[in-house]
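Residue numbers (our numbering): -1 to 130.
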């Protein structure tokens, strides 16, 4: 139950962060820009931070060891970097509404990739845990 509350709070925080960053970029606040990147750097940073936080919250289980949490955090970081770069090049050719579409789609893909990986791990017929 607490895990669901954390996830709902994280989704609310995600919406607030995306809205805050989008507002800063649309009002041409120079703290949201780094050279001529149109605010994509801060969007990418928020994707990485939010997805890493999401993966760490999804790892909450009783009696889980620190190594299990670290695996989830590293996986969340790597997946967010991959999808952030992939979606950046995908949306580079589109007129992207100040990068909002890139931000939202990348967050959705990054968050949903956790469930895809989890389902894939549950349905694979083989494991590497020493089981025949």
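Ideal placement from N, C-alpha and C gives every residue a C-beta, glycine not left out.
Notebook entry, point to check: Is residue -1 helix, strand or coil when you go by DSSP?
Noted result: Within the chain shown, numbered from 1, the residue matching residue -1 stands at position 1. It is coil, neither helix nor strand.
Check: What do you reckon, are the CB atoms on residue 19 and residue 30 nearer than 8 Å?
Finding: For the purposes of this step, residue 19 is taken as residue 21 along the chain shown, with counting starting at 1. For the purposes of this step, residue 30 is taken as residue 32 along the chain shown, with counting starting at 1. Taking C-beta atoms as the reference points, residue 19 and residue 30 count as a pair closer than 8 Å.
Notebook entry, point to check: Any idea what DSSP makes of residue 4, helix, strand or coil?
Noted result: Numbered from 1 along the chain shown, position 6 holds the residue referred to as residue 4. The answer is helix: DSSP assigns residue 4 an H, G or I state.
Margin query: Count Cβ pairs between the segment 37 to 51 and the segment 76 to 92 that sit closer than 8 Å; are there 3 or more?
Written below: With the cut-off at 8 Å, the segment 37 to 51 and the segment 76 to 92 touch.
Notebook entry, point to check: Any idea what DSSP makes of residue 88, helix, strand or coil?
Noted result: Position 90 of the chain shown, counted from the start, is the residue given in the question as residue 88. Under the three-state reduction of DSSP, residue 88 is assigned to helix.
Margin query: Assuming residue 49 is part of the alpha helix (DSSP H), what are its boundary residues?
Written below: Locating residue 49 in the chain shown gives position 51, where the first residue counts as 1. In the DSSP assignment, residue 49 falls within the unbroken alpha helix (DSSP H) covering 38 to 56.
Notebook entry, point to check: CB residue 82 to CB residue 50, shorter than 8 Å?
Noted result: The residue labelled residue 82 in the question sits at position 84 within the chain shown. The residue labelled residue 50 in the question sits at position 52 within the chain shown. Taking 8 Å as the cut-off, the Cβ atoms of residue 82 and residue 50 do not count as close.
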